[in-house]
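As you go down the protein sequences, you meet chains A and B in turn. Residue numbering for the first sequence follows this note's numbering, beginning at 1 and increasing consecutively. Residue numbering for the second sequence follows this note's numbering, beginning at 1001 and increasing consecutively. Below: one structure, written as structure tokens.
There are 2 protein chains.
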Amino acid sequence: MPASRRELPRFSRAEFEARAECARRLMTKSRLDAVLVSTEANLGYLSGFTSQLPWLTPARPWYFLLPRVGRPVGIIPDSGVDAWRATSWVTELRTWRSPNPENEGLDLIAAAIGSLKVRYGRVGFELGPETRLGFPVADLLRLKDMIRPAEMVDGSGVLRAARMIKSPAEIARIRRAARIACDAFDALPDAFEKGWSERDVMRWMQAETLLRGADKAPFMMVRSGAGAISSLYLGPTGRRPKRGDVMLIDAGCVYDGYSCDFDRLFSFGPPTDEVKRAHEALWRATEAGLAAARPGNTAEAVFLAQAKALEEAGWGRPKMGRFGHGLGRIITEPPSNKLGDKTKLRPGMVLTIEPGVSLGPERMLVHEENIAITEDGCRLLTRRARRRMAEIET
Amino acid sequence: MPASRRELPRFSRAEFEARAECARRLMTKSRLDAVLVSTEANLGYLSGFTSQLPWLTPARPWYFLLPRVGRPVGIIPDSGVDAWRATSWVTELRTWRSPNPENEGLDLIAAAIGSLKVRYGRVGFELGPETRLGFPVADLLRLKDMIRPAEMVDGSGVLRAARMIKSPAEIARIRRAARIACDAFDALPDAFEKGWSERDVMRWMQAETLLRGADKAPFMMVRSGAGAISSLYLGPTGRRPKRGDVMLIDAGCVYDGYSCDFDRLFSFGPPTDEVKRAHEALWRATEAGLAAARPGNTAEAVFLAQAKALEEAGWGRPKMGRFGHGLGRIITEPPSNKLGDKTKLRPGMVLTIEPGVSLGPERMLVHEENIAITEDGCRLLTRRARRRMAEIET
């Protein structure tokens, strides 16, 4: 194993207090007395609680209640108290013996909501767009009656807005993940062995990012094809890339809960003229996206800048729905760099710049970088891809 | 990278047809005209669709409708058609341009349900215990009105029951994952380098299982302590194990969508007498669990056999809620080896045998193996842990 780099320092208590404060301001704006969260992204964000198992198994739910006024409380299985105490800044806990499908902590949630300081009579749950629920819907519906007279409403907007602006410590984690993946990408052409399938490349890339300090590598899409790939959903397969192929690797590895998300293209042997032309257009469109990614511009403007650069380079308006998106605790977060997304960019947002070109039916190429919006523009979190496509000898 | 072992052959079409048939029989029993699934575990199980990204991002939902009578249909983002065609046996597709938070395919679902052959007027969704929903609850509630007069009810029991009995091809995948993790465990004592933290061990174990042929290694819990650990939720941390410590590694690596879940204990230097005694008791309790794991016995009986062995070895009735559980596409599935779980074991079930002992407040040790129930008993999928705890030199 390569010598571990120094781990980043843990999030400070001040950081969590600032997150809670921000969420509380947004709760006032949304007329909510509290939010109840149950997913890794939101519960971990607000409470700091960190553990692997709760998010991989549906056997035991974990909840966190942040009141607008009053003390936050973790409502968790009793077997997890030590992990909570070791990782969360929140000391108030209610526990039950889980699994207990008849009542997975629902009475504890209802009691905690019942003792809230009430102003609006509304409690926000994770119901809205780009949100999942961390416990069974049937339990949510039971809870809806159990918490009356408090009203169950969508509170996902509070978390979405709070998480959209990242702190320097959060950005440092995304940058760490991105740099680890950059190093692995740089090492791949030398490491590649004849006969590897896309699936073997995926395994090697995951292992390489882990050994270089990533904590997880859940997304490692690998797909190859003659001069293009068909989509970002198919792959890796058992296909063995061969001379004349392009291979796209889209990497989402995670450091301390934060994900990068960017891709690199590799040519097996020299790229064809069409591939070179597409790559050059993507590289330029990315430059245009980077130039447009600054405070005051909208996510839509970042899309349009990339689309214009592609059109100027002779590529038609492509069919991809968006040219990048937010990222952080989840590999895709709002906003979307697409037509109609009028989200104004602000310092602290982290985005992907992701132009794509269509080379025919089910033939595409994509480029992707990760950036953080600064006071006067943006900062690359990835190391910028080379203008010339990397080659793998065959 | 070690030479890849041969990949297992893909699931046959006959396998998927048998799954659909089984689900349909269960639908008749539950008086359902169809089930609508949206999670990796259930959608992948019924349709065969395989992709990384859909399950990592909440930006675009994916749905699959299996009618009791009539053709199944995938309802998916248009960017995923190629991946669907390459991995699923189902050819009927409805697509829309996603992300589109205003209407993420809801009208397509409602239309598909509207054209069902109706007998019961009820459609099952993923609402029940140990189940999550793969799309926003707010959309589910909109859909509830959109599908009237069809009634939205819980259909999770159908999937739970269908998935509980594994085919030989499914068991082969769990066994492959388990054997890969066994090999990595065997290699760890030699590979361990002085100064590694628990987090470094996690990274190495993940990388090692990937390079040996796992597709993912999402669960790799590593925790160390003086003669015991505090729970299965805390860890890995930055703690560096030292002489006199016990280290527990609980491994859930995945091969082709199926997970193993078992742990191994390591002693840094010779184990203390207390640790030896606990380890021996756990080893024997596991033997007792293996002997009890046979068709006709209940999950509760498997718990009781382990508990009895521990009590006979002089350990009190422990506080752990259960001594093992089902596993498969998810790292924990029903049944639970616990008091009150009267699920009758049947050939094709895959279980963990997982006794634990408490050595004091927040001090525990656990043992775990994976088995498949056969016609007349069970078969180990892991290689049985050695009776003597593995040692790591310090």
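Ideal placement from N, C-alpha and C gives every residue a C-beta, glycine not left out.
{"Check": "Partners in chain B for A:ASP394, counting only beta-carbon separations shorter than 8 Å", "Outcome": "A small correction: the amino acid at residue 394 of chain A is Thr; Asp does not occupy that position in the sequence shown. What A:THR394 touches in chain B: nothing, since even the nearest Cβ is about 18 Å away."}
{"Check": "Residue nearest to A:GLU162 in terms of C-alpha spacing, selected from A:TRP315, A:PRO9, A:PRO361 and A:GLU17", "Outcome": "Reading the sequence as shown, one finds Ala at residue 162 of chain A and not Glu. Of A:TRP315, A:PRO9, A:PRO361 and A:GLU17, the residue nearest in Cα terms is A:GLU17."}
{"Check": "Burial state of B:TRP1168 (16 or more Cβ within 10 Å)", "Outcome": "The residue asked about is misnamed: residue 1168 of chain B is Pro in this sequence, not Trp. Classification for B:PRO1168: exposed."}
{"Check": "Residue span of the beta strand (DSSP E) that contains B:ASP1341, given as start and end", "Outcome": "Counting along the chain, B:ASP1341 falls outside any beta strand (DSSP E), and DSSP gives it neither H nor E."}
{"Check": "Given A:ARG317 as reference, the closest of A:ASN297, A:HIS279 and A:LEU359 once Cα atoms are compared", "Outcome": "A:LEU359"}
{"Check": "Short CB-CB distance (under 8 Å) between A:GLN306 and chain B", "Outcome": "no"}
{"Check": "Cα-Cα separation, A:ALA3 to B:SER1230", "Outcome": "Its pLDDT being 49, under 50, A:ALA3 is placed unreliably by the model, and the measurement read from it follows with that caveat. Straight-line Cα distance between these residues: approximately 29 Å."}
{"Check": "Cβ contact check for the stretch 1209-1216 of chain B and the stretch 1227-1246 of chain B: 3 or more pairs under 8 Å", "Outcome": "no"}
{"Check": "Own chain partners of A:VAL123 with C-beta closer than 8 Å, once the 5 adjacent residues on each side are dropped", "Outcome": "LEU32, ASP33, ALA34, VAL35, LEU36, ILE113, LEU116, ILE147, ALA150, GLU151, MET152, VAL153 and GLY155"}
{"Check": "Rounded separation between B:ASN1297 and B:ARG1346 - CA only", "Outcome": "9 Å"}
{"Check": "Buried versus exposed call for A:THR394 [16 or more other C-beta atoms within 10 Å across all chains shown]", "Outcome": "exposed"}
{"Check": "Where A:PRO236 sits in the DSSP three-state scheme", "Outcome": "coil"}
{"Check": "Helix, strand or coil at A:ASP200 [DSSP, three-state]", "Outcome": "helix"}
{"Check": "Whether A:GLY128 touches A:GLY157 by CB criterion (8 Å)", "Outcome": "yes"}
{"Check": "Start and end residues, alpha helix (DSSP H) containing A:GLU287", "Outcome": "273-292"}
{"Check": "Minimum C-alpha distance to B:ASP1200 - residue among B:ARG1019, B:ILE1373 and B:VAL1222", "Outcome": "B:VAL1222"}
{"Check": "Residue from B:GLU1311, B:PHE1262 and B:ALA1278 with nearest C-alpha to B:HIS1396", "Outcome": "A question about residue 1396 of chain B goes unanswered here, because the residues of chain B that appear run from 1001 up to 1394."}
{"Check": "From A:PHE266, A:GLN306 and A:TRP196, residue whose alpha carbon lies closest to that of A:PHE185", "Outcome": "A:PHE266"}
{"Check": "Pair within 8 Å by beta-carbon distance, B:ALA1020 and B:PRO1101", "Outcome": "no"}
{"Check": "Through-space distance from A:VAL302 to B:CYS1260, alpha-carbon basis", "Outcome": "44 Å"}
{"Check": "A:THR28 (DSSP reduced to helix, strand or coil)", "Outcome": "helix"}
{"Check": "Any non-hydrogen atom of the ligand ZN closer than 7 Å to A:ARG6 Cβ", "Outcome": "Ligands are entirely absent from the displayed structure, and the ligand ZN is therefore not among its contents."}
{"Check": "Near-chain A residues of the stretch 1115-1134 of chain B - C-beta to any C-beta below 8 Å", "Outcome": "PHE1125, GLU1126, LEU1127, GLY1128, PRO1129, GLU1130, THR1131, ARG1132, LEU1133 and GLY1134"}
{"Check": "Residues of the stretch 53-73 of chain A with Cβ closer than 8 Å to any Cβ of chain B, in chain order", "Outcome": "LEU53, PRO54, LEU56, THR57, PRO58 and ALA59"}
{"Check": "For B:LYS1276 and A:PRO9, the rounded distance between their alpha carbons", "Outcome": "37 Å"}
{"Check": "CA-to-CA distance, B:ALA1041 to B:TRP1196, given in whole angstroms", "Outcome": "35 Å"}
{"Check": "Which of helix, strand or coil DSSP assigns to B:CYS1378", "Outcome": "strand"}
{"Check": "Three-state secondary structure (DSSP) of B:ALA1003", "Outcome": "Unreliable positioning characterises B:ALA1003 in this predicted model, as indicated by a pLDDT of 49, which lies under 50. A coordinate reading is not provided."}
{"Check": "Nearest-angstrom beta carbon gap, B:LEU1065 and B:ILE1076 [assumed within contact, 8 Å]", "Outcome": "Actually they do not touch by this definition, with Cβ atoms about 11 Å apart."}
{"Check": "Contact under 8 Å by Cβ, B:ASP1078 with B:TRP1096", "Outcome": "yes"}
{"Check": "CB of B:ALA1214 within 8 Å of CB of B:TYR1255, strictly", "Outcome": "yes"}
{"Check": "Cβ-based burial, B:PRO1099 [other Cβ within 10 Å; buried from 16]", "Outcome": "buried"}
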